[in-house]
Amino acid sequence: MLVVRTTFARALQIVIVGLFVTVGTNLLVRLVPGDPARAILGEKASPEVVRALRHELGLDQPVIQQIARSLGRLVQGDLGTSFGYRGQEVASLIGPGLGVTAGLAAVAIALSLVVGVPGGLWLALVRRTEADLIGRLGTTVLLALPSFMAALILLYFVSLKLGLAPAGGWAGSWPENARYVWLPALALTTYLGPLIARTVRQAALDAIGQPFVEAARARGVPRRRIVACHVLPNALLPVITLVGFNAGILVSGAVIVETVFAVPGLGSRLLQAMSTRDLPVMQGIALVTAVSIVLFNLLTDLLNIAVDPRIRRTH
Amino acid sequence: MSTEITTADINVPGHVAVRRQIQPRRIELHVGVGLILAVVVACLVIPILDRTDPNALVALPLQPPSAEHPFGTDMVGRDVFIRVFTAGRLDIALAALGVLVPFISGTVIGTVVGASRRRLVDTVTMRLTDCVIAFPFVILVLVIVVIIGADTRIPLLPPGAASVLVAVWIVNWTTYARLARARTHVLRQEDFISAARLLGFSQARIVARHLLPSVWPTTATYAVADALVLVSLIAALPFLGAGIQPPTPEWGSIMYEGRGFLLQAWWISFTTAGVLLVLGTGVMLVVDALVSNPRRPRLP
Amino acid sequence: MSMKHKAGVLLMTVGALLTAAAHGNASDGTLRIGIDQFPTNLDPGQNPWQQQQAIMHLIAGTLTNQEPDGKQVTMGLAASIEPGDKRFVVKLKPDLKFSDGSALTATDVVASFNYYMNDKTNGYSYTFTPIERVIATDDLTVEFELKRPYPSLPFILALPSSEIIPSESIEARGSKDLYNGDHPLPAAGPFQVQSFGQDQITLQRNSHYAGTQPSTKTVIFKKIIDPAARLAQVQGGEIDWADGISPKQVGQLSAPVEVRSALAINGLSFLSLNNRDSSLLSDVRIRKAIAVAINRKQINEVVHAGQSQPALSLWATASRYSRPFLSADPDVTRAKELLAGTKCENACKLKLITSSASEAGGDTVIVVQQNLKAIGIEVDIVKAEGATINEWLTQGNFDLWAGGSFDVADFPDGYLAWTVGQANEALYSGYSSSEMNRLIEQVNMTTGSERDAAVAALNALFEKDLPLVPTTNIVSVSASRVPSEILNISPTMYLEVR
Amino acid sequence: MTEMLLRASNIAIEIAGLELVSNVDLEVDRGHSLGIVGETGSGKSLTCRAFAGLLSPIGGRISSGSLWVGRQDATSPDTHAKAALYGRVVSLVPQNSLMALNPLMRIGTHLTETIKALDADSVVQLKARAIDLLQRVGLPDPERILRQYPHQLSGGMRQRVMIALAIAGRPELLIADEPTTALDVSVQKDILELLRRLTHEENMALILISHDLGVVAAATQSVAVMYAGMVVERGPTDTVLRQPRHPYTQALLKARPTIGHTGRLMGIPGAPASPDTWPSGCRFAPRCPHADNRCDAKVPTLETIGGGHVGACHRLHESLVLDLSKKDLLSS
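Chains as they are written, first to last, in the working numbering: chain A, 486 to 800; chain B, 189 to 488; chain C, 2 to 499; chain D, 12 to 343.
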């Protein structure tokens, strides 16, 4: 069936992407200047000590062998052990960070939908009025605003000036995180929200222009019901694809916003791994993120299949 | 009721209707281009008119905007005004370079792959773009930036520029390739391409003379939006410890350096942000105008 | 009333409610400290970095303790130390216990030092090289047999890298580091680890601690990499102490947050110069011209907001070894005279590298660039992140590096090794002088007036060779919501928690 | 007694300041069926939009004349009263049934929402009423169809659904806008038959818009021929098609292929004029083989020919009758 086929196609993509990312990061990180052993031991360690650690970490082996080894481990579902946190599983190190970033992204998506869908619908209904003009200009300006800038502005006004939110940080557990998550999520919403609003507006206008809306109107279906049952569902369809398409951008945005708000997500893991040249962790983060993005795309595929009866038929 | 009849009835006075459709788009286009030009011209002209070294310590640190220093001074006493507009040259140049190469390579690759009748070529290219797209962009950029390092230089560009550009070139061609391929697949169905095929034109000639001229406007529209994404990305990299490194004036690094002084010297980050926002709004308006749909009926 | 307005009011209400739920502060005996780097483990043999040492300092039970002023050490786990030329006899206090209640005896001391001395990957191995072996003569007595005179040993014994840990833990050590969170290592310092994470480390008062119990019950270290974020959080009450903020940012602090700053007793910011033949700076005249052209006052004002002091000798201003010979003001004329006849007489170009992680370094290079412009030297600033900088330094791929060096107390061994000594030579500056090495050895092995004479000779040689250009003292500026009696930063750059 | 259901007196329709339909006079009585024919762009669909109250979505308005639907002045600004009109008194069967159904909504939901909106009495037995409607339009297995989505039905079935939706409010006048254009010929006939049957059974009036004279001939009692925004000929379907008096109607008939016709098909020379280039005189004049000076100078008005047959041509009373055999046309 279609669901099975879609899942299979995405699963295949995960395998290909996993292979690509593993080999790619392995090759890339070998090119990175800066010695992991030196980064771990500090500048005060003697060259012999550094050599000893390089041997212990397996860094003195040929690159091909190292790639083969990490692929071999990966097949068994093992991301390897960290250089920095020696002896610790990479998976256990990046798991919490992934959870934080996923949580932040989820709240941002939810906020964006809450703001963007009604907003876009409203803009479509008031089109060609001053409100529409201001609304469209607003979304244009917000889209032109990079998320780190939005984060800075929010930090400045909401946290520092108004004291309405903590100036960053993280509680570490839900629901306590709610206090901390909403402002960084809002910063991400400044990008995704307007994007959704514009998509919904455009799709709603498309829907309003469709004969079925006019037909419903002509047979006396009340305006409210037309908006809720005819225009809105059709306007929501492209939003699913849009959110799926933006998963990668959202992760990247989250990584940046995390640094501004000191949220301990994948971003801070990544930066730390970069600075300490913790290759297995870097590789793990790249892999986990890539796979998450593909999985997220699978989710949107399935959602699309679930809500659009036409897809089920045509494929 | 039907769109055909409606549009037939409305569009009989064809150009009247069309004129009305274009009106709002023209305004967006004009305002957008105006905003972009304003920033570009300012970036070109201001560093010529005011020959202050953007790295010179001209006044006390953290001075608020004044007649002498319209955007105030930064945390070491440099003139933010001159820095912002000097930075603009670099950022705009980088965005242009960063867009141009993937635009050309991606469009050509996508068109060739789209026109190709060999499944394998298509599959391999598309899987490759899958991988590059799924690879988190920021991570890839960070890694490439570190590999290429601040030490590799492109003539005329500051340290760090090479790494950013190469990273962007490696990643961004994929989107253009996908767009071009999709467009080519549509065009392939059309009569003039079939006609060219039947006339026995070579594949290369069909791609170069028939497909590319119809494909590039699609990718070019995307390129405009992409340029803005790129400016934002370049400006975001300092927040990740990468990108164009200070003291080279660059919008992102100015804002990044200023972020620690929001409460006592908002002007460092926010004047820069303002200029970037003007440019960004201009680009968005132009994109809007380029892709905007014709007017549609209102919900009664 | 527009929908937008209503939404705004709603947002503000939600925000206010959420903020009202803010949690506790220092009054309940909990200190929350924001720092930028975390140790990846708390194995005393594996923690070379400064911030890691700051945390270790609160946990480690050491034979001696550092005084906050950095000038001397007092007894810690040791009841007495009988120094000798090549043998130190250490008597332990009776009835010492680790935080888990088990007894701490001479066996543990010997096991600890054997572990440190034999571990090839120990970043502090250089502190142990003068030690021949450590033996226990009875339960409370430990003898350090030395290869050469080592008068700084009492200072070394105070370092967290000389922490005494249980011998059972060392024996049980597998492939993993000791102390990686799952099984906190029993410690004999004022605090013990309660939890160890990548973003938060929680310490708890150690009831078995032999010294004075701190009044603080819990210390929470939070990893906040961005200094601006640390500042924002201490101002917002999320943390009680923001470690290492930019001195220029203190203008943004408002009560109850206060500035805490400390000048390092034994630390200096300097321009490290590439003395290798490959660099223009192998010419001592150019090195001296740079030293004269640098405006140290300006660096202090612009970079450190006047919180530091110009550095006028090889040593920190507060160090007992300091002999100022440089000027705080630049002397362009003199610098140009020095350049006469060199390759930089008319113009030359130097590559100045600095770590993107160091804000102070980043600002210093801007001033340096302007200062050297005045004497016709063009400075090409290249920033890169730490690991890359390290690589360039070891390869000699630079002319100038905005760096620094410091040691936790006013003793010369480590500091000299990393500024003008062989360690430095091996790593980056390429400065190699057998005379200097001989003098360093002399300083390290002597005490009293003998050491004073050796230091004077060393200072003179430094002035002549000038392998590096001192700029300012190292200053640490923090922001705090708690009284300095409870938490403060000392000239040793350690956080002192009471 | 005949009851007037719709009366358009001299109405003009304007979009964006441009008059696209002028001087249209039409009437429909209860139980009566009227066909409107014309080329694309003749204003027939716009006129029918006006009747169905659908001008405002495309930015159009009735700029002059009066339009009465039932006992309501449809040009009055009383939106409330007008809302009660559409779907209940007048109902529309749109042309493209695929586009006119919400692709994400089941057929059943389409029906129930319409019943809820139009037929308060049936709300308690929504499903029964929905099934009843589907049965009336001759759809087999209505239970299954209720659960299906529009794309799962064939074109003919969808058009039947559209008709079911249109009659859900028990309207007195059904407007069918090119209801058969998108359908196979065999299905066209069924739909026309269905419309004829329904109007008969429910005593509904019918306005049938088509560019196909055959469709109109088969299903209507009277016919109006439109050209360039004006009604050029009107009368009982039989009369108009057998004895067309206006040169345009004649040309239309000639342009139609008929079985057994062996000669060349006669096209209408030239292209339909566009509103901003409409000639000041007779709008058909530039394409009319019989045009003379009068035609360029003055707009002809509708003149009575007899038996309800009217035409707008300066040479209406001259002998222009073409020799056409319409037998096959009328019986198709």
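Even glycine gets a Cβ: it sits at the ideal position worked out from N, Cα and C.
Check                                                                                                                                                                                          : Outcome
Determine, for V264(B), whether the minimum Cβ-Cβ distance to residues of chain C falls below 7 Å.                                                                                             : yes
Below 6 Å CB to CB, which residues in the same chain sit around G81(D) once its five sequence neighbours on both sides are set aside?                                                          : V100
Taking Q234(C) as the query, report the chain A residues whose CB atoms sit under 8 Å from its CB, ordered along the chain.                                                                    : P651, A652, G653, G654 and A747
Does any heavy atom of the ligand FMN sit closer than 6 Å to the C-beta of D278(C)?                                                                                                            : Ligands in the displayed structure: none, and consequently the ligand FMN is not present.
Could you check which residue in L608(A), A747(A), I734(A) and L722(A) has the C-alpha nearest to that of F325(B)?                                                                             : I734(A)
Any idea which residues DSSP pairs H320(D) with across the strands?                                                                                                                            : G317(D)
Can you tell me which of the three DSSP states T31(C) falls into?                                                                                                                              : strand
What residues in its chain sit with their C-beta under 8 Å from that of V488(A), if we drop five residues either side in the sequence?                                                         : L787 and I790
Can you give me the C-alpha to C-alpha distance between G16(C) and S644(A), rounded to a whole angstrom?                                                                                       : Because the pLDDT at G16(C) is just 45, under 50, the model does not fix this residue reliably, and the value given afterwards should be weighed accordingly. Distance between the alpha carbons of G16(C) and S644(A): 10 Å.
Give a yes or no on whether 7 Å exceeds the smallest Cβ distance from E346(C) to chain A.                                                                                                      : no
Would you list, in chain order, the members of the stretch 373-400 of chain C that have their beta-carbon closer than 7 Å to a beta-carbon of chain E?                                         : Going by chain labels, chain E is absent from the structure shown, which instead holds the protein chains A, B, C and D.
Mind checking if P660(A) is an interface residue toward chain C, Cβ cutoff 7 Å exclusive?                                                                                                      : no
Use the C-beta contact count for P95(C): other C-beta atoms within 10 angstroms, 16 or more gives buried, fewer gives exposed.                                                                 : exposed
Indicate whether P155(C) and V251(C) have their beta-carbon atoms separated by less than 7 Å.                                                                                                  : no
Determine, using beta carbons only, whether A216(D) and R60(D) come nearer to each other than 7 Å.                                                                                             : no
Please work out which residues of its chain come closer than 6 Å, Cβ to Cβ, to W455(B), disregarding the five sequence neighbours upstream and downstream, and give them in chain order.       : P253, F259 and G260
Mapping the DSSP letters down to three states, classify Y125(C) as helix, strand or coil.                                                                                                      : coil
Got a sec, what are the start and stop residues for the alpha helix (DSSP H) S477(C) sits in?                                                                                                  : It is not in any alpha helix (DSSP H) - S477(C) instead sits in the beta strand (DSSP E) that spans L469 to S481.
So which residues of chain A does K224(C) contact, with C-beta pairs closer than 9 Å?                                                                                                          : A747, P749, S753 and Q757
What is the DSSP secondary structure of V219(B), reduced to helix, strand or coil?                                                                                                             : helix
Give the straight-line distance between the Cα atoms of G25(C) and F99(C), rounded to the nearest whole angstrom.                                                                              : Per-residue confidence for G25(C) stands at a pLDDT of 43, beneath the threshold of 50, marking its modelled position as unreliable; the derived number appears in the next sentence. So the alpha carbons of these two residues sit roughly 30 Å apart.
Residues in its own chain within less than 7 Å of G705(A) by CB, not counting five upstream and five downstream?                                                                               : none
If you scan the stretch 551-584 of chain A from start to end, which runs of the beta strand (DSSP E) of 3 or more residues do you find wholly inside it?                                       : none
Residues of chain A with a CB under 8 Å from the CB of L367(B): which are they?                                                                                                                : Within 8 Å Cβ-Cβ: nothing; L367(B) doesn't reach chain A, min ~13 Å.
Quick check for students: name the residue ranges of the alpha helix (DSSP H) that lie wholly in the stretch 84-145 of chain C, counting only runs of 4 or more.                               : 107-119 and 126-129
Among G557(A), L618(A) and G519(A), whose alpha-carbon lies nearest the alpha-carbon of L473(B)?                                                                                               : L618(A)
Compute the distance between the beta-carbons of A263(C) and S481(C), then report whether it is under 7 Å.                                                                                     : no
F493(A) touches chain B at which residues, Cβ-Cβ below 9 Å?                                                                                                                                    : Going along chain B, no residue has its Cβ under 9 Å from F493(A), so there is no contact; the nearest lies around 15 Å.
Kindly say whether L784(A), judged by its beta-carbon, lies nearer than 7 Å to any beta-carbon of chain B.                                                                                     : no
Can you grab the Cα-Cα spacing for the pair C299(D) / A193(D), in whole Å?                                                                                                                     : 31 Å
Run through chain C and tell me which residues come within less than 9 Å of F449(B), C-beta to C-beta.                                                                                         : A229, S247, K249, Q250, G252 and Q253
Please go through the same chain and pick out, in chain order, the residues whose beta-carbon is closer than 8 Å to the beta-carbon of V716(A), but skip the five residues on each side of it. : L606, A609, A689, A692, I693 and V698
Under a CB-based cut-off of 7 Å, is P696(A) close to chain D?                                                                                                                                  : yes
Identify the contact partners of E239(C) in chain A, using a Cβ-Cβ distance below 8 Å as the criterion.                                                                                        : P651, A652, G653 and G654
Looking at the secondary structure, which residues open and close the beta strand (DSSP E) in which P660(A) lies?                                                                              : That residue, P660(A), is in no beta strand (DSSP E); it is neither H nor E in DSSP.
Would you check if the stretch 295-310 of chain B and the stretch 416-430 of chain B touch, i.e. whether three or more CB-CB distances between them fall below 8 Å?                            : no
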